[in-house]
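Below: one structure, written as structure tokens.
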Amino acid sequence: MYIGVDMDDVLRDFMSHFILYHNRAYETSYTLSQFSSFNLSEILQISKEEETERLKQFYSSPEYLGIPPKDGAIEIIPKIAEKNDLIVISGLPKEERENSLFWINRYFPERFSEAYFIGSIRNNRKSHLCYALGIPLLIEDSLDTAKECSSLGTRVILYDAPWNQTESTSHLIERAHNWKNILEIINSKKLFRI
-16 MYIGVDMDDV
-6 LRDFMSHFIL
4 YHNRAYETSY
14 TLSQFSSFNL
24 SEILQISKEE
34 ETERLKQFYS
44 SPEYLGIPPK
54 DGAIEIIPKI
64 AEKNDLIVIS
74 GLPKEERENS
84 LFWINRYFPE
94 RFSEAYFIGS
104 IRNNRKSHLC
114 YALGIPLLIE
124 DSLDTAKECS
134 SLGTRVILYD
144 APWNQTESTS
154 HLIERAHNWK
164 NILEIINSKK
174 LFRI
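The opening residue of the sequence shown carries number -16 in my numbering; numbering runs sequentially from there.
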């Protein structure tokens, strides 16, 4: 089975390291629990343009290059890859493709058959990509993306995060708290019972 896997805050601990960087660079004291949405400009009380600039600066920082995998990912990804074809589907801009592929190959060599970076492609959505490629399952941390994917028939394992707690989910979305839980859901085929 093809399984799409988001990169930031699913494979690697992006937001925690962005917050560390932001607190150091801008002398702030944010915590992960304050990030209840993906709207960084609203949370940081800055313009969208400034948000884009701060993310660009983060992408070239030591904190970004040193982001570790999420706890359990290194142990669980090979187990999932034994019986499934894994594909990275990331909202990162294509400008981050080279760094991202280096990171993927460093921690998960030969575990992912393809990687798509759609963040800078106008009107491109993970839901449309999953539908077009026939990917039946996506592991994702964005509730909005999970809902879009499920509306097109893609099942989603929603990786638990402060920013995806606002609403209940559909029968095609199953919440997971960690990588061990993700493996249990995949092995139980719970998502494939309707």
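Built from N, CA and C at the ideal position, the CB exists for glycine as well.
* Asked: Bridge partners of valine 139, per DSSP?
  -> DSSP output for valine 139 lists Leu121 and Ile156 as bridge partner(s).
* Starting from alanine 98, follow its DSSP beta bridges and name the residues at the other end. => In DSSP, alanine 98 forms a bridge with Val71.
* Straight-line Cα distance separating glycine 49 from threonine 35 -> Counting only the Cα atoms, glycine 49 lies some 20 Å from threonine 35.
* To do: Kindly indicate which residue of Leu126, Ser133, Tyr42 and Asn88 has the alpha-carbon position closest to the one of isoleucine 70.
  => Checking every option, the nearest Cα to that of isoleucine 70 belongs to Asn88.
* Give me whichever residues DSSP pairs with valine -12 in a beta bridge. => For valine -12, DSSP records a beta bridge to Val71 and Ile122.
* To do: Report yes if the CB atom of serine 73 is closer than 7 Å to the CB atom of methionine -10, and no otherwise.
  => Between serine 73 and methionine -10, the CB-CB gap stays under 7 Å.
* Cross-strand partners of arginine -5 (DSSP beta bridge) -> DSSP lists Asp(-9) and Pro52 as partners of arginine -5.
* To do: Report buried or exposed for histidine 5, applying the criterion of at least 16 other Cβ atoms within 10 angstroms of its Cβ.
  => That one is buried.
* Asked: Is proline 145 close to chain B, meaning its C-beta is less than 7 Å from at least one C-beta of that chain?
  -> The structure shown contains no chain B; it holds only a single protein chain.
* Check isoleucine 177 in the structure and name its three-state DSSP category. => Low per-residue confidence applies at isoleucine 177: pLDDT is 40, beneath 50, and the placement is therefore not dependable, though the value from the model is reported in the following sentence. If DSSP states are grouped into helix, strand and coil, isoleucine 177 belongs with coil.
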